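First comes the structure, then the notes that go with it.
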Amino acid sequence: MTDFTSTALRVDQKGLWVLDQTLLPQQEVWLLSPSTESMVQIIRELKVRGAPLIGVAASLQLAHLAEQGASSDELEKALFVLREARPTAVNLMNAMDRCLVALKKKGPQGLIIEAESICREDVELCASMAAWGAQLIEDGDQVLTHCNTGGLATAGLGTALGAVIHAARDGKKVHVFVDETRPLLQGGRLTAWELEKNSIPFTLICDSMAAALMQQGKVDRVLVGADRIARNGDFANKVGTYSLAVLCKFHSVPFYVVAPQTTVDVNCAYGRDIPVEERSAYEVRGVRGAFGQVEWSLPHADVWNPAFDVTPESLVTAWVLDRGIFTREDVRKGALL
Ligand code: MRU
0 MTDFTSTALR VDQKGLWVLD QTLLPQQEVW LLSPSTESMV QIIRELKVRG APLIGVAASL
60 QLAHLAEQGA SSDELEKALF VLREARPTAV NLMNAMDRCL VALKKKGPQG LIIEAESICR
120 EDVELCASMA AWGAQLIEDG DQVLTHCNTG GLATAGLGTA LGAVIHAARD GKKVHVFVDE
180 TRPLLQGGRL TAWELEKNSI PFTLICDSMA AALMQQGKVD RVLVGADRIA RNGDFANKVG
240 TYSLAVLCKF HSVPFYVVAP QTTVDVNCAY GRDIPVEERS AYEVRGVRGA FGQVEWSLPH
300 ADVWNPAFDV TPESLVTAWV LDRGIFTRED VRKGALL
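Each residue of the sequence shown is one higher than the one before, starting from 0 at the first, in this note's numbering.
Set out below in structure tokens:
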């Protein structure tokens, strides 16, 4: 495989490395992933996360195994195991389906080439999305975002956060309100870390503070990413996205979703068809990080922990894809396909 380095992934002579995102921002620790099992665990534990990145990481893991001499049968088995690592982000399924076609047509060598294209393409998709999304951001804007949608969630610049970074690099003054994003704090830990690295000013808020912020007229627009977009424009993203969309409607704040074509599920007609991952109770009863696990609730408190929610298309101002910016009218005419 060709050497590759991004914010969260690295391929070199020793193999495939991932930045352990559960330890950020306190510690920057890189983990070598030698096997299917290690990658599945890394993805399930959210050491690697973000819809496009898990598709890229799983693809590169297969390429690594192919390079180590795995047979077509072994690779096919590994592919189906990786495909199941998480259920909501369709980028993983789309990437695995592409790898399977390449494997069937051209064997392990074909799979290596396809995995590397998936990675390279994600970098390019991010660059296009960022350029389109940046057009929606005005000089002096206060942007609110949720979860983490930057270089830690993709192989490139990111989706929604990529647009913000692009706008800032264009010289626009942008200030970002970062939703901490309970329960796993991808905003407070990861987006804050990325914004700091990009020298973009930000203010961290608890998710429950967004309403008051909008009521005070302090949010010009909200940009979020997506884990799966249905054909009609409904989309799943980190839990808490739907409440932001409802708030935006009430306060007349533009609400944009930024995602690559690899996040569109052509087989999914409506948001209600998107499978939503439910995660462990301990994530809600406490918090875990580089400092260990801190429990603050009753150890047996009943918990509901959906990792994502679904925002209906009627609440979206525009969809920013790598191909351009699409209005609700465009989407109703089939622009996402
Ligand atoms: O559970 P995570 O951290 O993988 O969830 C990630 C998100 O919800 C992102 O907003 C989404 O993947 C889109 S950004 C690339």
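We put the beta carbon where it would ideally sit given N, CA and C, even for glycine.
These numbers come from a predicted model, not from an experiment.
Short Cβ contact (8 Å threshold) for residue i with residue j
{"i": "residue 319", "j": "residue 95", "result": "no"}
{"i": "residue 49", "j": "residue 147", "result": "yes"}
{"i": "residue 144", "j": "residue 235", "result": "no"}
{"i": "residue 69", "j": "residue 91", "result": "no"}
{"i": "residue 110", "j": "residue 118", "result": "no"}
{"i": "residue 159", "j": "residue 257", "result": "yes"}
{"i": "residue 22", "j": "residue 29", "result": "no"}
{"i": "residue 82", "j": "residue 43", "result": "no"}
{"i": "residue 254", "j": "residue 335", "result": "no"}
Residue span of the beta strand (DSSP E) that contains residue i, given as start and end
{"i": "residue 181", "result": "Where residue 181 is concerned, there is no enclosing beta strand (DSSP E), given that its DSSP letter is neither H nor E."}
{"i": "residue 285", "result": "285 to 288"}
{"i": "residue 255", "result": "254 to 257"}
{"i": "residue 29", "result": "29 to 31"}
{"i": "residue 204", "result": "201 to 204"}
{"i": "residue 323", "result": "323 to 325"}
{"i": "residue 214", "result": "That residue, residue 214, is in no beta strand (DSSP E); its alpha helix (DSSP H) goes 209 to 214."}
Contact belief for residue i with residue j at Cβ below 8 Å, rounded distance in angstroms
{"i": "residue 149", "j": "residue 122", "result": "Rounded, the Cβ-Cβ distance is 13 Å, inconsistent with contact."}
{"i": "residue 233", "j": "residue 311", "result": "5 Å"}
{"i": "residue 176", "j": "residue 204", "result": "6 Å"}
{"i": "residue 243", "j": "residue 209", "result": "6 Å"}
{"i": "residue 172", "j": "residue 216", "result": "At roughly 18 Å, the Cβ-Cβ gap does not stay under 8 Å, so residue 172 and residue 216 are not in contact."}
{"i": "residue 163", "j": "residue 222", "result": "7 Å"}
Boundaries of the alpha helix (DSSP H) in which residue i is found, first to last residue
{"i": "residue 99", "result": "89 to 133"}
{"i": "residue 85", "result": "It is not in any alpha helix (DSSP H) - residue 85 carries neither H nor E in the DSSP assignment."}
{"i": "residue 50", "result": "50 to 66"}
{"i": "residue 317", "result": "First-last for residue 317: 317 to 320, but that is the beta strand (DSSP E), not the alpha helix (DSSP H)."}
CA nearest to the CA of residue i, picked from the options
{"i": "residue 333", "options": "264, 16, 161", "result": "264"}
{"i": "residue 106", "options": "72, 116, 81", "result": "72"}
{"i": "residue 224", "options": "113, 317, 103, 84", "result": "317"}
{"i": "residue 220", "options": "141, 89, 180", "result": "141"}
{"i": "residue 102", "options": "38, 293, 1, 65", "result": "65"}
{"i": "residue 231", "options": "322, 329, 179, 181", "result": "329"}
Would you call the stretch 263 to 278 in contact with the stretch 304 to 320, where contact means no fewer than 3 C-beta pairs closer than 8 Å?
When C-beta atoms of the stretch 263 to 278 are compared with those of the stretch 304 to 320, three or more pairs fall below 8 Å, so the two segments count as touching.
Hey, is the stretch 132 to 140 in contact with the stretch 158 to 168, meaning 3+ C-beta pairs nearer than 8 Å?
Between the stretch 132 to 140 and the stretch 158 to 168, the count of Cβ pairs shorter than 8 Å is three or higher; the stretches touch.
Any contact between the stretch 189 to 199 and the stretch 280 to 288? By contact I mean 3 or more CB pairs, one from each, below 8 Å.
no
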